[in-house]
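J.: Residue numbering for the sequence shown follows my numbering, beginning at 3 and increasing consecutively.
Just dropping this structure here.
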Amino acid sequence: VKYWMDDFARLIEARAVIHDDSKLREPEKSCFDTWTPNLKQVEFGSDDYKTALLNMGEGLKSHYANNSHHPEHYPSGIDGMTLYDLVEMYCDWLAAAQAKNQPIDLGYLSKRFKISPQLAGIILNTLKE
Numbered sequence: 003v004k005y006w007m008d009d010f011a012r013l014i015e016a017r018a019v020i021h022d023d024s025k026l027r028e029p030e031k032s033c034f035d036t037w038t039p040n041l042k043q044v045e046f047g048s049d050d051y052k053t054a055l056l057n058m059g060e061g062l063k064s065h066y067a068n069n070s071h072h073p074e075h076y077p078s079g080i081d082g083m084t085l086y087d088l089v090e091m092y093c094d095w096l097a098a099a100q101a102k103n104q105p106i107d108l109g110y111l112s113k114r115f116k117i118s119p120q121l122a123g124i125i126l127n128t129l130k131e
């Protein structure tokens, strides 16, 4: 069991090292350079937030295509993800919430990504722990 847990941790660490590297290359770099300051100013999940995501266009589409920890990467959304993807997504959510000094809005995220009640419960349990 220790071997497999260590292996899992090694794979997560490898993903952490390259997390969002695609933001450093076009077409994502100019998109995120332009939109990141705006996204920091708008409320997560608000109409302004949703409009900003739409306006990010090809840069954001490229980001989703290159990063499997985003549900948009898969045609079936979260249902297509691996445990590695889920852990990285969860950590991404934590970082985003911390940057805005806000809690994770699991209700909004569950609705947006069609997260099953069972998985939402597991995520909530993890947040509590």
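All C-beta atoms, glycine included, are put in the ideal place defined by N, C-alpha and C.
These figures come from a predicted structure and were not determined experimentally.
Contact between the region 68-85 and the region 104-122 is defined here as three or more beta-carbon pairs at a separation below 8 Å; is this criterion met?
T.: Yes, the region 68-85 is in contact with the region 104-122.
J.: Would residue 15 and residue 65 be called neighbours here (beta carbons separated by less than 7 Å)?
T.: No, these two residues do not count as a Cβ contact at 7 Å.
J.: Taking Cβ positions, are residue 54 and residue 41 nearer each other than 7 Å?
T.: Yes, the pair counts as a contact, with Cβ atoms nearer than the cut-off.
J.: How should residue 69 be labelled, buried or exposed, when 16 other C-beta atoms within 10 angstroms of its C-beta is the threshold for buried?
T.: Answer is buried; the Cβ neighbour count reaches 16.
J.: Would you check if there are 3 or more beta carbon pairs closer than 8 Å linking the region 94-104 to the region 30-39?
T.: Result no; under three Cβ-Cβ pairs closer than 8 Å.
J.: DSSP three-state label for residue 35, please.
T.: The answer is helix: DSSP assigns residue 35 an H, G or I state.
J.: Note the first and the last residue of the continuous alpha helix (DSSP H) segment covering residue 61.
T.: Looking at the DSSP string, the run of the alpha helix (DSSP H) that includes residue 61 is 59-68.
J.: Considering residue 125, what are the terminal residues of the alpha helix (DSSP H) in which it resides?
T.: Looking at the DSSP string, the run of the alpha helix (DSSP H) that includes residue 125 is 119-130.
J.: If you run the structure through DSSP and keep just helix, strand and coil, what is residue 89?
T.: Here residue 89 sits in helix by DSSP.
J.: Return helix, strand or coil for residue 40, following the three-state DSSP convention.
T.: Residue state, collapsed to three classes: helix.
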